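What follows is a single structure, written as structure tokens, with notes after it.
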Amino acid sequence: VSRRWSSLAATGLVTLAVGSAGSHVSGQSARRTPTTLAALDGYTSFFHRQPVVVVAEASGDLQDVFLTDGEHRIRVLNVAPPVGGATELIEVDAVFWDVGRLEPNDARVADTEIRQISQRLFGKPWPASGELPLLIADGTRPAAEPDAVTLQSLALEPTRYLGQTVEVTGRFRGRNLHGDLPEAPGTSPDDFVLQSGAAAAWVVGKKPRGEGFDLDVLARVDTGRWLQVTGVVSGTSRLLEIEASKIAQVKRPTVSATPTEDRAVPSPSPEVIFSTPTQNDTGVATDALVRFQFSRDMDPESFDGHVGVAYFGTAPSDS
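So that you can map any letter, position 15 of the sequence shown is 15 in UniProt numbering, and since no number is skipped, the others follow by simple counting.
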């Protein structure tokens, strides 16, 4: 993994190499993340194995069914194709897989027709990584109009709200310190994540400070504070942003998201899904902390002997 910072441009790249530590990975919480087909398509590694919920239309026939938003489409199992050409928005609970990352004998997909699909599409019994992104649905329902604008409704249908001023409430999560989102917008060093339940969005354009509070985007001790953010919805269907005009600290809402049950999910070795500073960050001090977020929880002891730091290009001088 490597990231470029302007303050190091004269000395080359710093790279952090992380070895495999899969045997030291702890259980991962099973939460159903609201997202979009564009995000699943763009951040396959981040969403692989994750329970998600998406809003889209079904398309295809009895042999091949897809979820589509008009621009993106992803193959789905356990969803009926449209009847008579009629289409409607549906809300689908599913688990997202990059099938090629799994072993062919993986018990989690044993009762599916993946082998037949791979043989028909690619002429081989199992796809390579990236060849077959797949949603395996476990529930569908007609998509309902949201009663109010929340982080959940924004995450499910960001394009519905683009350009609109909204007011949402959530927990301050710093500069993605808990790995809620797959990428940073890179607008400024003060960008931070706002999260509620399983939904999250980037807040840009304003520092997380106001009457009675001044939060540090790199301090985990500050995460968990509840904020009310007013701003204009921006970004893309892949990565939602709220350009804040007002930020206030509020009490935790009396009604919060239903907690999800933790479960242990066996899987391959974890991957780095987010880091800070981010690629092309500017004005980053050479002594700044480098943070990496993995796709699963990590045992700190597993890093011993598996991490190395080196420069690409010309090494820095001591002067």
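Just so it is clear, CB atoms sit at the ideal spot from N, CA and C, and this is done for glycine as well.
Only a predicted model underlies this, so the values are computations on that prediction, with no experimental measurement involved.
Q. Do ALA199 and ARG32 have their C-beta atoms within less than 7 Å of each other?
A. Contact flag unset, no.
Q. Would you call the region 40-58 and the region 240-253 touching, i.e. three or more CB-CB distances under 8 Å?
A. With the cut-off at 8 Å, the region 40-58 and the region 240-253 do not touch.
**Q.** Secondary structure of ARG75, DSSP reduced to three states
**A.** Of the three classes helix, strand and coil, the one that applies to ARG75 here is strand, per DSSP.
Q. Just how far apart, CA to CA, sit LEU218 and GLU243?
A. Rounded to the nearest whole angstrom, the C-alpha separation of LEU218 and GLU243 is 20 Å.
**Q.** Straight-line gap, PRO158 to SER237 (C-alpha atoms, nearest Å)
**A.** If I take the Cα positions, the gap works out to 6 Å.
(Q) Closer than 8 Å is the cut-off here; do at least three beta carbon pairs connect the region 85-100 with the region 121-139? (A) Enough Cβ pairs lie closer than 8 Å, so yes.
Q: Starting from VAL158, trace the alpha helix (DSSP H) both ways and give me its first and last residue.
A: The question names Val, yet the displayed sequence has Pro at residue 158. Looking at the DSSP string, the run of the alpha helix (DSSP H) that includes PRO158 is 158-161.
Q. Are residue 320 and ALA56 close, meaning C-beta to C-beta below 7 Å?
A. Any answer about residue 320 is impossible in this case: the structure gives the chain only from 1 up to 319.
Q.
If I measure Cβ to Cβ from GLY19 and keep anything under 6 Å in the same chain, skipping five residues before and after, which residues do I get?
A. Here the model assigns GLY19 a pLDDT of 40, short of 50, so the residue's position is not dependable, and the following value carries that caveat. Scanning its chain for C-beta atoms nearer than 6 Å, with the 5 sequence neighbours on each side dropped, one finds around GLY19 the residues HIS306, in chain order.
Q: State the start and end residues of the unbroken alpha helix (DSSP H) segment that holds ARG115.
A: Bounds of the alpha helix (DSSP H) holding ARG115 are 114-122.
Q.
Given this structure, state the Cα-to-Cα distance separating ARG73 from ASP287, to the nearest angstrom.
A. Distance between the alpha carbons of ARG73 and ASP287 is about 43 Å.
Q | Unbroken stretches of the alpha helix (DSSP H), 4 residues or longer, contained in the region 29-86 | A | For secondary structure counted as the alpha helix (DSSP H) over 4 or more consecutive residues, the region 29-86 holds these complete runs in sequence order: 37-42 and 44-47.
Q. What are the start and end residues of the beta strand (DSSP E) that includes GLY186?
A. Bounds of any beta strand (DSSP E) do not take in GLY186, whose DSSP letter is neither H nor E.
**Q.** Limits of the unbroken beta strand (DSSP E) element including PHE192
**A.** 192-196 is the span of the beta strand (DSSP E), which, as asked, contains PHE192.
Q | Nearest neighbour of GLY224, chosen from LEU239, GLU211, GLY174 and ALA39 [CA to CA] | A | Among LEU239, GLU211, GLY174 and ALA39, the Cα nearest to that of GLY224 belongs to GLY174.
Q: Could you give the DSSP three-state label for VAL290: helix, strand or coil?
A: VAL290: coil per DSSP, three-state reduction.
**Q.** Enclosing beta strand (DSSP E) for SER129 [first to last residue]
**A.** Taken as a continuous stretch (DSSP letters only), SER129 belongs to no beta strand (DSSP E), as it is neither H nor E.
Q: If I'm right that PRO81 touches LEU62 with Cβ under 8 Å, what's the distance once you round it to whole angstroms?
A: Yes, PRO81 and LEU62 are in contact; Cβ-Cβ is about 6 Å, under 8 Å.
Q: Measure the alpha-carbon distance for LYS207 versus ILE117 and round it to whole angstroms.
A: Going by the C-alpha atoms only, they are around 49 Å apart.
Q. Helix, strand or coil for SER234 per DSSP?
A. Looking at SER234 - three-state DSSP - the assignment turns out to be strand.
(Q) Can you find the residues in the same chain that come closer than 7 Å, C-beta to C-beta, to ALA86, ignoring five residues on each side of it along the sequence? (A) For ALA86, where only same-chain residues beyond five positions count, there are no Cβ hits under 7 Å.
Q. Who does GLN228 pair with in a DSSP beta bridge?
A. Its beta-bridge partners are THR169 and ALA248.
**Q.** N-terminal and C-terminal residue of the beta strand (DSSP E) that THR140 is part of
**A.** Boundaries of the beta strand (DSSP E) around THR140: 133-142.
Q: Measure the Cβ-Cβ separation of residue 323 and ARG171 and say whether it is below 7 Å.
A: Examination of residue 323 is not possible in this model, given that the chain is present from 1 through 319 alone.
Q: Going by CA-CA distance only, name the one from VAL284, ASP93 and GLY42 that's closest to GLY186.
A: Comparing Cα-Cα distances from GLY186 to each of VAL284, ASP93 and GLY42, the minimum goes to VAL284.
Q) Which residues bound the beta strand (DSSP E) around LEU239? A) Segment: none, LEU239 is in no beta strand (DSSP E) and carries neither H nor E.
(Q) Relative to the C-alpha of LEU89, which candidate in SER188, LEU134, GLU145 and LEU132 has its C-alpha closest? (A) In terms of Cα proximity to LEU89, the closest of SER188, LEU134, GLU145 and LEU132 is GLU145.
Q) If you run the structure through DSSP and keep just helix, strand and coil, what is ASP98? A) Here ASP98 carries a strand assignment [DSSP, helix/strand/coil].
(Q) Using 8 Å for Cβ pairs, my map puts ASP180 next to GLN195. What's the rounded Cβ distance? (A) The beta-carbon separation of ASP180 and GLN195, rounded to 5 Å, stays under the 8 Å limit for a contact.
Q) Taking DSSP as the reference, what is the three-state secondary structure of VAL204? A) Correct three-state label for VAL204: strand.
(Q) What does the alpha-carbon distance come out to for the pair SER256 and VAL54? (A) Caution is warranted here: a pLDDT of 49 is assigned to SER256, below 50, making its placement in the model unreliable, and the coordinate value is therefore given only provisionally. Rounded to the nearest angstrom, the two C-alpha atoms are 21 Å apart.
Q.
Given this structure, state the Cα-to-Cα distance separating LEU154 from ASP299, to the nearest angstrom.
A. Whole-angstrom Cα-Cα distance: 33 Å.
Q. Taking the Cβ atom as the reference point for each residue, do LEU151 and ALA201 lie within a distance shorter than 7 Å?
A. Closer than 7 Å, so yes.
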